[in-house]
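Trainee: So the mapping is simple: the working numbering equals the position in the sequence shown, first residue as 1, plus 15.
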Amino acid sequence: MVKIKKLGLFLVIMALVTLTACSGTANENAPKGNTATATNGATASEADTAFANGKYDPPIEISAVLMPKKYVQGDTKENNVHDRWMLETLGIKHKDTWYPANDDQYKQKLQLAIASGEKLPDFVSVPTNAVLTNQLIDSGQFIPIDELFDKYANQILKDHATQHPELWYPFTRDGKKYNMPIMEYTDNDDTLLWFREDWMEKLNLEAPKTIADLENIMDKFKNQNPDGLAPKDVFPLAISLKNNTNTWMGSLDWLFGAYGTIQEQWNKDANGNLEYGSINPGAKQALAKLNEWMNKGYIHTDSALWDEAKSAESWTKGTAGILPGANWVPDWPAPDLLKNVKGSKIKAYPIPAGPDGLIGTKWQNSGVNASIMINKDAKHPEAIFLYYNYLLDNLANPAVGSEFEYGFAKGYDWDIIDGQPTSDKEKIKDFSNEFPFLTGPARIPDLYMKTLVKLADGNAPETPYEKQMAEFRKPENWAAAKVVMSQLDIRKQNYFTGAATPTMISKWNLLRQSEMETFNKIIYGNLPVDAFDEFVANWKTNGGEQITKEVNEWFKSVSAAK
Numbered sequence: 016m017v018k019i020k021k022l023g024l025f026l027v028i029m030a031l032v033t034l035t036a037c038s039g040t041a042n043e044n045a046p047k048g049n050t051a052t053a054t055n056g057a058t059a060s061e062a063d064t065a066f067a068n069g070k071y072d073p074p075i076e077i078s079a080v081l082m083p084k085k086y087v088q089g090d091t092k093e094n095n096v097h098d099r100w101m102l103e104t105l106g107i108k109h110k111d112t113w114y115p116a117n118d119d120q121y122k123q124k125l126q127l128a129i130a131s132g133e134k135l136p137d138f139v140s141v142p143t144n145a146v147l148t149n150q151l152i153d154s155g156q157f158i159p160i161d162e163l164f165d166k167y168a169n170q171i172l173k174d175h176a177t178q179h180p181e182l183w184y185p186f187t188r189d190g191k192k193y194n195m196p197i198m199e200y201t202d203n204d205d206t207l208l209w210f211r212e213d214w215m216e217k218l219n220l221e222a223p224k225t226i227a228d229l230e231n232i233m234d235k236f237k238n239q240n241p242d243g244l245a246p247k248d249v250f251p252l253a254i255s256l257k258n259n260t261n262t263w264m265g266s267l268d269w270l271f272g273a274y275g276t277i278q279e280q281w282n283k284d285a286n287g288n289l290e291y292g293s294i295n296p297g298a299k300q301a302l303a304k305l306n307e308w309m310n311k312g313y314i315h316t317d318s319a320l321w322d323e324a325k326s327a328e329s330w331t332k333g334t335a336g337i338l339p340g341a342n343w344v345p346d347w348p349a350p351d352l353l354k355n356v357k358g359s360k361i362k363a364y365p366i367p368a369g370p371d372g373l374i375g376t377k378w379q380n381s382g383v384n385a386s387i388m389i390n391k392d393a394k395h396p397e398a399i400f401l402y403y404n405y406l407l408d409n410l411a412n413p414a415v416g417s418e419f420e421y422g423f424a425k426g427y428d429w430d431i432i433d434g435q436p437t438s439d440k441e442k443i444k445d446f447s448n449e450f451p452f453l454t455g456p457a458r459i460p461d462l463y464m465k466t467l468v469k470l471a472d473g474n475a476p477e478t479p480y481e482k483q484m485a486e487f488r489k490p491e492n493w494a495a496a497k498v499v500m501s502q503l504d505i506r507k508q509n510y511f512t513g514a515a516t517p518t519m520i521s522k523w524n525l526l527r528q529s530e531m532e533t534f535n536k537i538i539y540g541n542l543p544v545d546a547f548d549e550f551v552a553n554w555k556t557n558g559g560e561q562i563t564k565e566v567n568e569w570f571k572s573v574s575a576a577k
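Spelled out as structure tokens, the structure:
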């Protein structure tokens, strides 16, 4: 896959949020400030000694949640290279850890445990989903982590949290923080425009600086097609209108951004209050432009039936010339294009400006992929910090000559072949890099994009991490990262990351349905553009105004937390 892989468990478990959404008020059983400083059962000095030595001696036992992995060389879920390393290096071993067979089983087991009050593991993995987080807080089985974080968290994690205080918003209740963030690479999903560079070269076209420039390019792609395709067979811009228009492939966030808003998310207005982007007047201008493009045949009439992957197919089969996507498009789906269309080339271009000079794209990644909650009955609640600190310090960006210079475990994700270290899975028998890390792979948020920019600038890779990126990421990928990092000021964050508000629970589905239907009808010309004004009025009357009030109340409560 393309996108740098996220924890499979966390991605799939998003589906579990069919659970009833919680309000922001803790129940009677929720902890009221009982933040553990070190341990419940062990003394603070034992914990401090372990951190001073980097290891528990004698070893301790913890329970956690581990999903199925590929085990090779005789390893099992109870006895594997990761667990042997964890015991030898950190003095930590598993006891009573959950090993659900799949994500659905974990969902059921977690729901049952919450409902029945059954004992949960010491450390529970949670997707970045506020509904589930609130349910776990409401269960009363988990502690705030404020003091543990301040005392034990790695400096890398502390620095990132300081730079991105918004990462705490989904995890905050009554001014206390309940989840330890698991860091992810930032800006990995920022939108770019991927062009058929061979078409650009044959038509002698330059990078579009404005939406008007982009329209000129689309017109030439369609009506003067370099591959000799008839205009009726070319739809220059590949987009998805089926589920969301602010999405990860075939997205339209950049077009709405050209008119001063980002749709389908909550943006800050001029006064610092949160506003739903789809009702901003700029959205009307974007819809008018999309209707114009539909009429000119710049976008396919089937776009309303296309999800993200389907939108990419029109690009990879050679009938579209522009695909909105992230920096990782060279890994997927671009190889299909290069295979299907002889002589095709690709290149990422910056986001163009609207008629008033506005530029904007979505930015929903504050560098957190998921989180871990700590059971109030855990004897060593600080242990997860010792573990995660070690991975961040040693594995996330390994030093030359270190034990992790080439990978985590010799004979698994790297080996010595013909006298040379290699991580080529084709050369290594029983290759496997599926290690059951409690926190998933350790990642330093800004390291990935910084490394790609360094490579794009023509600098030789020096560190083990840089050498890995040079080997596994394509030059087009490097160049795309440089484009992303040159436009950091255009990113617009989705500021609402809380659980559904009371009015959202009863009204949001109908409001979203109305939004999608109205927008598509305007784009396809089945409604006049002015129908947008009626949509906004109805949106506000039918619950949107109250939802906006509730969203802002939530935002003020979490952003004020220290």
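Positions of the beta carbon are idealized from the N, C-alpha and C atoms, including for glycine.
Can you tell me which of the three DSSP states residue 109 falls into?
Mentor: strand
Trainee: By Cβ distance below 7 angstroms, which residues in the same chain neighbour residue 258 in space, the five residues on each side in sequence not counted?
Mentor: 322
Trainee: DSSP state of residue 209, grouped into three classes?
Mentor: Residue 209 sits in a strand when the DSSP states are folded into three classes.
Trainee: Which residue comes first and which comes last in the beta strand (DSSP E) that contains residue 582?
Mentor: This structure leaves residue 582 out entirely; the chain is present only between 16 and 577.
Trainee: In this structure, does DSSP put residue 123 in helix, strand or coil?
Mentor: In the structure shown, residue 123 sits in a helix (DSSP, three-state: H, G or I).
Trainee: With residue 388 as the anchor, note down where its beta strand (DSSP E) starts and where it stops.
Mentor: 383-389
Trainee: From the DSSP output, read off the bridge partner residues of residue 140.
Mentor: 387
Trainee: Determine which residues share a DSSP beta bridge with residue 338 and list them.
Mentor: 209
Trainee: Tell me whether residue 419 is buried or exposed, calling it buried when 16 or more other Cβ atoms sit within 10 Å of its Cβ.
Mentor: buried
Trainee: From which residue to which residue does the beta strand (DSSP E) around residue 462 run?
Mentor: Judged by DSSP secondary structure, residue 462 falls outside any beta strand (DSSP E) and instead within the alpha helix (DSSP H) spanning 462-471.
Trainee: Write down every uninterrupted run of the alpha helix (DSSP H) in the stretch 193-247 whose length is 4 residues or greater and which is fully enclosed by it, in chain order.
Mentor: 212-217, 226-238
Trainee: Under a CB-based cut-off of 8 angstroms, is residue 151 close to chain C?
Mentor: Protein chains in the displayed structure number just one, and chain C is not present.
Trainee: Taking buried to mean at least 16 other C-beta atoms within 10 Å of its own C-beta, is residue 432 buried or exposed?
Mentor: exposed
Trainee: Leaving out five residues before and five after residue 41 in sequence, what residues of the same chain have Cβ atoms less than 8 angstroms from its Cβ?
Mentor: With a pLDDT of only 35 at residue 41, under the threshold of 50, the placement of this residue in the model should not be trusted; the figure read from the coordinates follows. Answer for residue 41: 47, 152, 153, 188, 189, listed in chain order.
Trainee: Anyone know if the C-beta pair for residue 12 and residue 488 falls short of 8 angstroms?
Mentor: Look at the range of the chain in this structure, 16 to 577, and you will see that residue 12 is not part of it.
Trainee: For the alpha helix (DSSP H) that contains residue 307, what are its first and last residues?
Mentor: Where residue 307 is concerned, the enclosing alpha helix (DSSP H) stretches over 296-311.
Trainee: For residue 559, tell me which candidate among 572, 571, 516 has the shortest Cα-Cα distance.
Mentor: 516
Trainee: Go through its chain and collect everything with a Cβ distance to residue 388's Cβ below 7 angstroms, but skip five positions before and after it.
Mentor: 139, 141, 151, 157, 193, 194
Trainee: So for residue 564, helix, strand or coil by DSSP?
Mentor: helix
Trainee: Measure the beta-carbon distance from residue 291 to residue 281 and round it to whole angstroms, keeping in mind my assumption that it falls under 8 angstroms.
Mentor: Your pair residue 291 and residue 281 checks out as a contact, with CB atoms roughly 6 angstroms apart and the cut at 8 angstroms.
Trainee: Taking C-alpha atoms, which residue in 180, 93, 130, 212 lies nearest to residue 383?
Mentor: 180
Trainee: Check whether the Cβ atoms of residue 337 and residue 272 sit closer than 8 angstroms, and answer yes or no.
Mentor: no
Trainee: Give me the Cα-Cα distance between residue 100 and residue 508, rounded to the nearest whole angstrom.
Mentor: 39 angstroms
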